[in-house]
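Chains as they are written, first to last, in our numbering: chain G, 9 to 463; chain A, 62 to 570.
We treat Cβ as the ideally placed atom computed from N, Cα and C, and that holds for glycine.
Okay, structure coming up:
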């Protein structure tokens, strides 16, 4: 089997204000086919899609007018009647368009050729699309992927917006901490593009237009902004020829401009989010650090390694020693535009979120003032490098890493990182801890379990 | 197949190559993917022959070498689990399973053991679930010897040190307190009770009382009695030398303490009892609701299976195809096609028929949807079930689903780890090694009529149990009991189930 995929250097940080969720919707829309795939009569279908778009714009206009008219006034009633009529007409147009569409044909071509694991993910800086298919059928991947990159049709647009609304209800609205986590990210990133929620704000989703999607696509899905990778047992020469044959004719676009954005100018640190929830009491602390490719990135990874795991300092001290935490974690996140370090701990028993923060601060103090034993560092380096090998075992996981690292800056990170980890000195770790994990720079969140819910 | 002798090739393509033919259309690109002519895809399954060795001490070892990466993976499996829990001590088997790894050995302090494992860059774990348990090791090749020694030592002489036992109980207590936070978790546990009642060992809940009743001596006795080398199945894969590894395992397993427990004694895998002792399990058809403060209702519907299907039963294959069409993870899923693609009511929808390994399990469909749409989504799901029962599927659906299932079969033997693991699992479940070959043939032979017959025989609308977790006010749109849309489409008066106390799992008002 072959794992094949590509990445677009565009993600939720590329969503414009008022259009949050569009990059993620794009991920869904690219499963809808093209002028060839997914239709029974493309010309007739496009006419119907066009009429839907115009009607939708009219509805938006009438909605605006209705909101400016007094409730109960004749003007308002009339506008609302107009909206209802148009919505009925829109439903009718959708029904007619659907009868001309071949829903799901894109995935069907893959399935009937034995492909599986067809999927896509949207992150802050990028979106990846991938599939696993029999080596003998590799050309199908080139055909289908180049086809929808050349001439995509975003059919079933308004239905797919509803699907994304349900996805948001599932991942954000109906999980114990979904909404709070979203608020925390917004508080931390403030006006930085990473504040944009990937699944979109409900108000924005409700008014997304098909034209917005085409505009996003032409800005971000040109070949200059894409990279593909294939992993498996194949003849590389033949595959290069297929790549030239199928991708070579996509109209060239300039390479992606650099989007790195210094975080400091976009935020006022030191704010605390204090909220109650039907969820475990917990504390999260976020610090601005460095983006992907910065020399301090790997020492920060090793720092997180010292804190994590069963023999890590957090588990030893907060979970076993003081018995105030149920679970703990720390991580350096090196993204394309900026990076951050995170600490999180869930409370045990009656522990307050404040005491988790105090415990974290005292671990930090220890880290920056006491020398890190050589054997402790060696243990972390062994563990991290062995884990790097483990992540290569599954072809799909390897593919995902190559695509993600390429979009973040350089796929060779995959090969370089283990050696970098082994080269980190104890003093470097203390140095990055002092430089970045400063109390003045952080954003803190306290989630408190509502008393009524606590047994 | 990617196995012992093959290598992985990577290719990386940056799109904007200067030599690209910007804007020109290649003439030899077919106008439609149908025009691409492909040869047949072969599904050649590995044979167990030459891959299994029995150690003197009893364990069967399944081996698959792959020298691509400098890693060795070992998965050891046992027939242990909550079916062995004595009355009043629910959780004993799973606590033992977790603490084999976490509570030191008779020689090594838990904290020191953890550091030694981490220092090797190894990963070591142990567990026990309902009918299976075991331990796993992942080690870089160059530390295999030392890691293997620790691995066998924890299995043979786990310390069950008091401090670790106390911490584990404390953590169980904390996770019990969290039982009512996630609506999906509430749905999943109530579903099991609706299907099997609360007397079956698979659904007996862990409670504060049962956890507190478990003593260190219980763990020691349970381990000595049930974690026996003669019952162990070992799957080894990765970068090892077969001869050396077998010699090393022989050595490590040779000085296991003898089985002197009079209550033990069974030579083969412990039988899993069925039917369970006690009153008949589960409920009849009905509509059940649990109140939860979530804007998205979680919905399950299904019913118990009449009996479990034998490994050789051809109905398995037709049923597999039928359920993949109804609600599988591939492209065909009618539930996803209808509820998601066509109606935009859900993000995910699935259906499975668990034929059961040791006892008859159930048919189960699941989706989550805006509470106000729940009745409509259920109505459409019922329509799809009925359509599968009464109308023939399309030949293309059958073809696509067969390709999907066969590809998944091929992928499930794609790595050395999967090959050795699959064969060890066969042994554990009593599934013949030849099952995979008969599965391949069985799927290929399924006909359109087989699918309709299986759907009629196994999916029973009259028997359906409906479970909905969410805000009743939104689910029923404020209609009085007996007149809600949800009750109309399901054909049942709603029964409101109270939320359970998280520490005792008793219903509270």
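>> Taking 8 Å as the cut-off, does the stretch 128-138 of chain G touch the stretch 408-419 of chain A (at least 3 CB pairs, one atom from each stretch)?
In response: no
> So what does DSSP say about residue 316/G, is it helix, strand or coil?
Replying inline: coil
> By Cβ distance below 7 Å, which residues in the same chain neighbour residue 515/A in space, the five residues on each side in sequence not counted?
Replying inline: 376, 379, 380 and 383
> Would a C-beta distance cut-off of 8 Å place residue 140/A and residue 331/A closer than the cut-off?
Replying inline: yes
>> If you follow the alpha helix (DSSP H) that residue 452/A is in, where does it begin and where does it stop?
In response: Taken as a continuous stretch (DSSP letters only), residue 452/A belongs to no alpha helix (DSSP H), as it is neither H nor E.
>> Among the candidates 520/A, 132/A, 354/A and 207/A, whose CA atom is the shortest distance from the CA of residue 443/A?
In response: 520/A
> Where do the ends of the alpha helix (DSSP H) carrying residue 463/A lie?
Replying inline: 456-472
>> As an exercise, report each continuous beta strand (DSSP E) stretch of at least 3 residues that is fully enclosed by the stretch 228-296 of chain G, in chain order.
In response: 234-240, 280-285 and 290-296
>> On the DSSP letters alone, give me the boundaries of the beta strand (DSSP E) that residue 455/G sits inside.
In response: 451-457
> According to a CB-to-CB cut-off of less than 8 Å, which residues of the stretch 395-420 of chain A neighbour chain G?
Replying inline: 398, 401, 402, 403, 404, 405, 406, 407, 408 and 409
> At least one CB of chain A closer than 8 Å to the CB of residue 102/G: is that the case?
Replying inline: no
> Leaving out five residues before and five after residue 352/G in sequence, what residues of the same chain have Cβ atoms less than 6 Å from its Cβ?
Replying inline: 292 and 337
> What number of angstroms, rounded off, separates the C-alpha of residue 63/A from the C-alpha of residue 70/G?
Replying inline: Per-residue confidence for residue 63/A stands at a pLDDT of 39, beneath the threshold of 50, marking its modelled position as unreliable; no derived number is given.
> Relative to the C-alpha of residue 348/A, which residue among 393/A, 435/A and 394/A is closest?
Replying inline: 435/A
>> Classify residue 196/A: buried if its beta carbon has 16 or more other beta carbons within 10 angstroms, exposed otherwise.
In response: buried
> Around the C-beta of residue 252/A, are 16 or more other C-beta atoms found within 10 angstroms, so that it is buried, or is it exposed?
Replying inline: buried
>> Please report the straight-line C-alpha distance between residue 280/G and residue 365/G, rounded to a whole angstrom.
In response: 12 Å
>> So, for residue 254/G: in the same chain, excluding its five sequence neighbours on each side, which residues have a beta-carbon less than 6 Å away from its beta-carbon?
In response: 150 and 154
> Roughly how many angstroms lie between the CA atoms of residue 335/G and residue 96/G, to the nearest whole one?
Replying inline: 52 Å
>> Any C-beta of chain A within less than 8 Å: which residues of the stretch 171-186 of chain G qualify?
In response: 171, 172, 173, 174, 175, 177, 178, 181, 182, 183 and 184
> How would you list, in chain order, the residues of chain G whose beta-carbon sits under 9 Å from the beta-carbon of residue 383/A?
Replying inline: In chain order: nothing, as chain G lies at least about 16 Å away.
> DSSP state of residue 344/A, grouped into three classes?
Replying inline: coil
> If you run the structure through DSSP and keep just helix, strand and coil, what is residue 73/G?
Replying inline: helix
> Of all Cβ atoms in chain G, is any one closer than 8 Å to the Cβ of residue 48/A?
Replying inline: This structure does not reach residue 48/A, given that chain A is present from 62 up to 570, and the question cannot be answered.
> Does the beta carbon of residue 254/G come closer than 8 Å to any beta carbon on chain A?
Replying inline: yes
> Cβ of residue 263/G within 8 Å of Cβ of residue 232/G?
Replying inline: yes
> the stretch 391-403 of chain G: which residues have C-beta closer than 9 Å to a C-beta of chain A, in chain order?
Replying inline: 391, 392, 393, 394, 395, 397, 398, 400, 401, 402 and 403
>> Taking 8 Å as the threshold (C-beta atoms), are residue 161/A and residue 199/A in contact?
In response: no
> Given a limit of 8 Å on CB to CB distance, which residues of the stretch 44-59 of chain G reach chain A?
Replying inline: 44 and 45
> If we cut at 8 Å on Cβ distances, does residue 425/G have a partner in chain A?
Replying inline: no
>> Short of 7 Å Cβ to Cβ, which residues in the stretch 94-112 of chain A face chain G?
In response: 94, 97, 99, 100 and 102
> Leaving out five residues before and five after residue 266/A in sequence, what residues of the same chain have Cβ atoms less than 8 Å from its Cβ?
Replying inline: 151, 250, 259 and 566
> Considering residue 185/A, what are the terminal residues of the beta strand (DSSP E) in which it resides?
Replying inline: 184-189
> What is the DSSP secondary structure of residue 290/A, reduced to helix, strand or coil?
Replying inline: helix
>> Taking its Cβ as the centre, do 16 or more other Cβ atoms sit within 10 Å of residue 328/A, making it buried, or is it exposed?
In response: Any reading at residue 328/A is ruled out, since the residue's pLDDT is 49, under 50, leaving its predicted position unreliable.
> Which same chain residues, not among the five before or five after residue 458/G, have their C-beta less than 8 Å away from its C-beta?
Replying inline: 284, 285 and 286
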